[in-house]
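Protein chains in written order, with our numbering: chain A, -6 to 564; chain B, -6 to 564. Read through the structure below, which is laid out as structure tokens, and then see the notes.
Here it is in structure tokens:
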């Protein structure tokens, strides 16, 4: 256990060094902030989290959201900018803690799969586009695709060819490390484990080689952007200053970061836990991630969450207990203490290449096709999320996506499937008259509503019943078959009361059949059952025996009739 | 038919004259605007509406919403204020038309019953509070309860006793006309029909008597606020001027007015239509109300909708065809042409008293108790609507209510009822193991989720299944019983795929049973069915026969077993 945890920690540390620097750069922060955010949060998560393999730390999408949140409030590179990032981590951690104590983990469910998938794809494209300037060694910026392109185009003439060469070279190397290196090394006789390890050290190798290139050829004096001096030593814990104006402006971004970060993290944690039949406690995860973010804030870091790539590597490398995370933190602390002088000559283009390769693997355009094939509505929500994210930035994108999926759900359930049913001859089954060969009585109509009844479809139910009454002058009985009705809210209750009164005025009785226990408990608290003009039947078959005994007698075989329970109207 | 339509029109006209003036006053508009809004809209509705008895025109809640919408944009009494009211009617009419053509009537369903009931109660209280200044003859104003009270208190010293006497006298008279007059007159030997007619002319009688009092005693010269000069003659049709800034600021209020007005109107129309087994077409109603509002705008009126009180009177008085509405319009046109000079001395206190008596009948505090008794969540949504409306005004109130009911619905369905089920011995039924004496197999767990599966509960389902696997090391099979699942969106599909993969990694098979036709059609478009580690069973009983044949054999009687279909896994 200890050995495998140590091995996993070593591999994850090697991955995390360049990633933590790169994601700090992506968030617009000094490189050392990425290192700081990779120490305390890992220790807090190791002590409080329920996943044994989740690797917490800076991740791409949350770093982009951090940049978007604080880019409006402060100038990149200023002390205010850094202070805002720390406050964002503090707020986000506080919110996750509160959500955990109040068991509000379900809030993350508001991010539907098409929304989160579309959001991550669009964020990946935005991040990659935003890094192009570092590959070219020019200035630029912007939170939306249009802003980023507008910022790039006028400066293209200043592109630095040496920077571009290093950036493209590192991208090529990292892509090969992901795809071709392992089979190549295995073919060369290296053991599969060794080849896998080599492919994971590829990013660190790129860091080392490009540092040597810059230093050897003095490329920084020729104008190449480098990371520069990183303060050595570990940060001391400090509380962020309380500035009500700043804090209140960061509340919404912090909430969005909390929910997106949690949704990513819990899904990684559950996927990995399931492989070993371990259990994740979603509410405890909120508390652990909250603690991790507060840890990040206290030690001068920025928002963190559980990341996909490093967690999978941690798992594959054999991490067996949370100690692996704590060992990774020790590794990062050692790197912060002793490695920072070596990173002086690291080209920003190397970090940009690392980011681009990492985020382009998140872009999943095939998901758009798959989502559309399953449901055009879900596909539309996904496209809306992608387009709004690209056009108006991450916060607008995530809110548009949540809004679109809530509206889509309400729209779908507002006009539920309603079948008029009749009896399948010779059985107790009642099925859709349009799909099955069934018998019905001329003065009875039975409607089966395939949805819980609530405010969004209450009026639809009124319209539907009204249409039946208007269309059929011989009608004497309406039966609502409640097999698929899991809940009746007060709007639907009042609609049922209105239907009952209107039917009574029209000389038609309203009956209910197959009402579920919890729904019946609820209806008993209302006046509907007292006022109901018809009966409540345990089964639809009971209802038809009571309302159209001739029909039932005609259609049931004698042998079946014996097994039928007597018609019985419940009070 | 013609005679009863004419009678109904005469009675409604008598009611509508004081009401149209009063609601114009409530909207902060000159009195004649109320008359203008009671002519063209009635004609348009008579030609296009599907209700034979709905009385369209100015109503209290919509007038209050009009005042709230344009009070921020222009000074009461200015030409801009009037122009904004006309634009609001135009926009609202256009939106209703578009909603009708796109069949978006379901949008009105977003106003749940507790929200609309709470909103009307709070609006009634706001309206009544806002009229107190007219009863006292002092100045004041404000859109929220606090603003109104703040506006009143400093001016209380200027109260005019004659105004107060007239106001209180009219209130007493109108309350008596509603409650005591009819029984009193019947007791005096008047026929019930005549007594009913007399009680309906009571508001017009109050108008006439108070005009004579003001004129006779010269109360206007003593400082009493009167309606004053009303331009005689009918308005000529004119298009409102297009001012993009104004129009865009009125979009949201127009949408809220459209939806609230439609929701009120359709519910009145359906209630009355049902009494005579007539049919209302909800989408055509949107078009008719849209046309009525555009008609109001073209003739210098303000937003209108179908009102409850006048529609009931119209119905009771025997209106049989839409011609009754057209005749009412003729009556109002005649009043506009010839009656306006007589209204010069009408005290504003009389109109305020008319409004107060009308709106206090809308206040239904008992509904709060009834709603709470049925469901605390629905009650909370209602209280939120009432408090926000009183504290922050009508627009904030309606939006808070809609937000609260949507969140409540999502919250409820996010954590659905999930039962672990077992077989009731000797039957094909499977019921909750916690409520019934059932048998289960040690290595099979069957979960019945009582809710459609969608993004808000997809993660909950993952957690629930995960918890079962974590808690039961002997588990080999998980069956999801889909009896109550009416839909599976792509988020839930991806959760099912994740569950399937995680269970496979844990060595557990996932089975589905009793999947409904439409859900099955949808699932066939995905890869879930190909990848499913277990089977899909037509019935839960088939599933148990396949997965735990010993159990089924043990618990079913021989005679029952013969009737069971052979276990059959659908592809």
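Here a beta-carbon is modelled for each residue, glycine too, at the ideal position from N, C-alpha and C.
Listed along the chain, the chain A residues whose CB falls inside 7 Å of the CB of residue 89(B) amount to none; the nearest CB is some 16 Å away. With a beta-carbon spacing of about 10 Å, residue 486(A) and residue 493(A) fall beyond the 8 Å limit used to define contacts. Every unbroken stretch of the alpha helix (DSSP H) spanning 4 or more residues and falling wholly within the segment 17 to 48 of chain A is given here in chain order: 24 to 29, 33 to 41. Rounded to whole angstroms, residue 184(B) and residue 178(B) show a C-alpha spacing of 8 Å.
Beta-carbon to beta-carbon, residue 38(B) and residue 285(B) are separated by about 5 Å, close enough to satisfy the 8 Å threshold.
Under a 10 Å Cβ-count criterion, residue 65(B) is classified as exposed, with fewer than 16 other Cβ atoms of the shown protein chains found around its own Cβ. Taking all protein chains in view, the Cβ of residue 320(A) is crowded by 16 or more other Cβ atoms within 10 Å, so the residue is classified as buried.
Residue contact with chain A for residue 208(B): absent (no Cβ-Cβ distance below 8 Å to any residue of chain A). Only exposed fits residue 151(B), as fewer than 16 other CB atoms lie within 10 angstroms of its CB. Taking a Cβ-Cβ threshold of 7 Å, the residues of chain B close to residue 487(A) are 106, in chain order.
With contacts defined as CB atoms closer than 8 Å, residue 246(A) and residue 388(A) qualify as a contacting pair. Runs of the alpha helix (DSSP H) lying entirely within the segment 106 to 137 of chain B and spanning at least 4 residues, in chain order: 106 to 129. Residue contact with chain B for residue 479(A): present (Cβ-Cβ distance below 8 Å to some residue of chain B). Here residue 515(A) carries a helix assignment [DSSP, helix/strand/coil]. By the rule that beta-carbons nearer than 8 Å mark a contact, residue 484(A) touches chain B. Inclusion of residue 506(B) and residue 474(B) in the CB contact set at 8 Å is warranted, their separation being smaller than that value.
Per DSSP, residue 317(B) is one residue of the alpha helix (DSSP H) stretching across 316 to 331. Non-local beta-carbon contacts of residue 314(B) in its own chain, meaning distances under 7 Å to residues more than five positions away in sequence, involve -6, -2, 45 in chain order. One Cα belongs to residue 482(B), the other to residue 391(A), and the distance between them is close to 19 Å. In this structure, the straight-line span from the alpha carbon of residue 57(A) to that of residue 19(A) is close to 6 Å.
Bounds of the alpha helix (DSSP H) holding residue 398(A) are 387 to 407. With respect to residue 33(A), residue 5(A) sits apart: the two C-beta atoms are not nearer than 8 Å. Residue 519(A) is not a Cβ neighbour of residue 74(B), given a cutoff of 8 Å.
Boundaries of the beta strand (DSSP E) around residue 470(B): 470 to 474. The beta-carbon of residue 427(B) is placed no less than 8 Å from the nearest beta-carbon of chain A.
Not one beta carbon of chain B lies nearer than 8 Å to the beta carbon of residue 307(A). Listed along chain B are 491, 494, 495, each with a C-beta nearer than 8 Å to that of residue 264(A). Annotated three-state conformation of residue 340(A) is strand, per DSSP. If you keep only unbroken beta strand (DSSP E) runs of at least 3 residues inside the segment 66 to 95 of chain A, you get nothing at all.
Spanning the alpha carbons of residue 438(A) and residue 287(B) requires a straight line of approximately 40 Å. Taking a contact to require three or more Cβ pairs closer than 8 Å, the segment 270 to 286 of chain A and the segment 104 to 120 of chain A do not qualify as touching. Secondary structure of residue 424(B) (DSSP, three-state): strand.
Between residue 382(A) and the set 162(A), 136(A), 93(A), 126(A), the nearest pair of CA atoms involves 136(A). Note on geometry: alpha-carbon atoms of residue 489(B) and residue 498(B) lie some 14 Å from one another.
In this structure the segment 220 to 227 of chain B lies against the segment 331 to 338 of chain B, because at least three pairs of beta carbons, one per stretch, are closer than 8 Å. Going by DSSP, residue 506(A) is part of the beta strand (DSSP E) stretching over 502 to 506.
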